[in-house]
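Okay, so here's the structure we're looking at.
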Amino acid sequence: MTATPEATIRELVATDYRTAAVFERHGLDFCCSGCRTIEQACREAGIDADPVLRELDTVLHAPASDTPDFNSWDAAALITRIVHRHHGYVRQAIPALIQHTSKIASVHGTRHPELVHIAGLFHRVADEMTEHMFKEEQILFPFIAALDEANRAGRHAPAPPFGTVGNPIGVMEAEHKFVGDAMAEMRHLTGGFTPPDDACGTYRVCLQELDAFERDLHEHVHLENNILFPRALALESGRPA
Numbered sequence: 008m009t010a011t012p013e014a015t016i017r018e019l020v021a022t023d024y025r026t027a028a029v030f031e032r033h034g035l036d037f038c039c040s041g042c043r044t045i046e047q048a049c050r051e052a053g054i055d056a057d058p059v060l061r062e063l064d065t066v067l068h069a070p071a072s073d074t075p076d077f078n079s080w081d082a083a084a085l086i087t088r089i090v091h092r093h094h095g096y097v098r099q100a101i102p103a104l105i106q107h108t109s110k111i112a113s114v115h116g117t118r119h120p121e122l123v124h125i126a127g128l129f130h131r132v133a134d135e136m137t138e139h140m141f142k143e144e145q146i147l148f149p150f151i152a153a154l155d156e157a158n159r160a161g162r163h164a165p166a167p168p169f170g171t172v173g174n175p176i177g178v179m180e181a182e183h184k185f186v187g188d189a190m191a192e193m194r195h196l197t198g199g200f201t202p203p204d205d206a207c208g209t210y211r212v213c214l215q216e217l218d219a220f221e222r223d224l225h226e227h228v229h230l231e232n233n234i235l236f237p238r239a240l241a242l243e244s245g246r247p248a
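First residue of the sequence shown: 8, per this note's numbering; consecutive thereafter.
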C-alpha cells in the first residue's frame, strides 16, 4: 500500500499499525478522528502533507515487524485483546491517577493552577471510562461477537435490541472523542506532560502516568473505531467483514 493524500488515516493505521507513530509525531489524531483524509488532517493542523506522506511510505515499505496485524484478527480475538489488555489497564490505572492528580493539585495548585483543572478533568475521564467499558462489555461486545459467530456459521444476524449496531457504536465513538479530547487538553496544559523544575516526585510520576494512559488510549480507541466497529457494521449489513 502507498500513502496518498486521499487515503484516510483510519485505513492506513488499520493496514499497518506502525503508521500510528508517524501520525503521533505530527500531532495528527489517528483514533478518534481517523476518518479524515491525510490531506484534510494536515490542512486542519496547518502542516505540509508531503513530509508526512514520505514518512508513511517509508514505514509502509519497511520490512514487516512483530507488530500484530490486528486487521486480520476476528472479532472475538479483538474483543479479548481490548477487554484484557486495555480495559484491564484502565481499571488498574484509574485509582492511582485519581489519587495523584488530586494530590499534586492540592500541593502545587497555587503555583500551577492548571493542575486543579487537570484533577477535575481526570475525574470526569475516570467516570466516563468506567461506565463506557461496562456498556461495551455487557451490551455492545456480546452483540458484535454474536454477529461474527452467526456470519461464520452462515446464519442470519441476530436482531439487535437497539435498532442497529450503529446506534451504540455512535455513542461509544462520541465517548471516545470526549476522553481523547480531555487527554489532549491535559497534554497541552502540561507542555507534553513535561514536569516543571519545581516538580516533586509524585508530580513527575503523575505526568508519566498520564502520558502512559493517553498512549494506551490511542491503541485502545484505534482497535475499536478503526477495526472492530467498521467490521461490526459490515457484518450487520451483510458486506464482507
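Every residue gets a Cβ at the ideal spot worked out from N, C-alpha and C, and that includes glycine.
If I'm right that D155 touches L230 with Cβ under 8 angstroms, what's the distance once you round it to whole angstroms? Start at 1 with the first residue of the sequence shown, and residue 155 comes out as number 148. Start at 1 with the first residue of the sequence shown, and residue 230 comes out as number 223. That belief does not hold up - the Cβ atoms of D155 and L230 are roughly 15 angstroms apart, past 8 angstroms.
Can you give me the Cβ contacts of H225 inside the same chain, cut-off strictly under 6 angstroms, excluding the 5 residues immediately before and after it? The residue given as residue 225 occupies position 218 in the sequence shown. The answer, listed in chain order, is C38.
In chain order, what residues of the same chain have a beta carbon less than 7 angstroms from the beta carbon of H107, not counting five sequence neighbours either side? Along the sequence shown, one-based indexing puts residue 107 at 100. For H107, where only same-chain residues beyond five positions count, the Cβ hits under 7 angstroms are T209, V212, C213, E216.
I'd like to check one pair, H227 with I89: are the Cβ atoms closer than 8 angstroms? Within the sequence shown, numbered from 1, the residue matching residue 89 stands at position 82. Within the sequence shown, numbered from 1, the residue matching residue 227 stands at position 220. For I89 and H227, yes; Cβs fall inside 8 angstroms.
In angstroms with no decimal places, state the Cα-to-Cα distance between M150 and V114. Position 143 of the sequence shown, counting from 1, holds the residue named residue 150. Position 107 of the sequence shown, counting from 1, holds the residue named residue 114. For the sequence presented, residue 150 should be read as Phe rather than Met. Using only the alpha carbons, I get a separation of about 46 angstroms.
Since F220 and M190 should fall inside the 8 angstroms C-beta cutoff, what is the C-beta to C-beta distance between them, to a whole number of angstroms? Translated into the one-based positions of the sequence shown, residue 220 becomes position 213. Translated into the one-based positions of the sequence shown, residue 190 becomes position 183. Rounded, the Cβ-Cβ distance is 7 angstroms, consistent with contact.
From which residue to which residue does the alpha helix (DSSP H) around I125 run? Walking along the sequence shown from the start, residue 125 turns up at place 118. Element bounds for I125: 121-142.
Can you tell which of K142, D57, V97, H94 has its C-alpha closest to the C-alpha of N174? Counted from its first residue, the sequence shown places residue 174 at position 167. The shortest Cα separation from N174 among K142, D57, V97, H94 belongs to K142.
Any beta carbon of chain C sitting closer than 8 angstroms to that of F185? Looking for chain C here will not work: only one protein chain is present.
Among L104, A239, G161, which one has its Cα closest to the Cα of A82? As a first step, residue 82 is located in the sequence shown; it is residue number 75 there, counting from the start. Comparing Cα-Cα distances from A82 to each of L104, A239, G161, the minimum goes to A239.
Please tell me whether A21 and I176 are closer than 8 angstroms, where the distance is taken between their beta carbons. Residue mapping note: residue 21 aligns to position 14 of the sequence shown, counting from 1. Residue mapping note: residue 176 aligns to position 169 of the sequence shown, counting from 1. It is not a contact, given that the beta carbons lie outside the stated cut-off.
Coarse secondary structure for T15, derived from DSSP in three states: Residue numbering aside, residue 15 sits at position 8 when the sequence shown is read from its first letter. Note: T15 maps to strand in three-state DSSP.
Assign F2 to one of two classes, buried (16 or more other C-beta atoms within 10 Å of its C-beta) or exposed (fewer than that). Nothing can be reported for residue 2, as the shown portion of the chain is limited to 8 through 248.
Three-state secondary structure (DSSP) of T9: What you label residue 9 is simply residue 2 of the sequence shown in a count that begins at 1. Note: T9 maps to coil in three-state DSSP.
By the 10 Å Cβ neighbour count, where 16 or more other Cβ atoms means buried, how is T117 classified, buried or exposed? As a first step, residue 117 must be located in the sequence shown, where it is residue number 110. Classification for T117: exposed.
Residue of A126, T26, S109 minimising C-alpha distance to M193: The residue you call residue 193 lines up with position 186 of the sequence shown. M193 has its Cα closest to that of A126, out of A126, T26, S109.
Using the C-alpha atoms, what's the distance from L85 back to G245? Along the sequence shown, read from residue 1 onward, the residue named residue 245 stands at position 238. Along the sequence shown, read from residue 1 onward, the residue named residue 85 stands at position 78. C-alpha separation (whole angstroms): 20 angstroms.
For H139 and M179, I'd like the C-alpha separation in whole angstroms. Walking along the sequence shown from the start, residue 139 turns up at place 132. Walking along the sequence shown from the start, residue 179 turns up at place 172. Cα to Cα, the separation comes out at about 7 angstroms.
Does the distance from the C-beta atom of P12 to that of I54 stay below 8 angstroms? For this step, residue 12 is matched to residue 5 along the sequence shown. For this step, residue 54 is matched to residue 47 along the sequence shown. The criterion of a C-beta distance shorter than 8 angstroms is not satisfied by P12 and I54.
Assigned exposure category for M136 - 16 Cβ within 10 Å defines buried: Within the sequence shown, the letter at position 129 stands for residue 136. Under this definition M136 is a buried residue.
Under 8 angstroms, do L63 and L19 count as touching if we go by C-beta distance? Against the sequence shown, residue 63 aligns to sequence position 56. Against the sequence shown, residue 19 aligns to sequence position 12. Yes, the Cβ-Cβ distance between L63 and L19 is below 8 angstroms.
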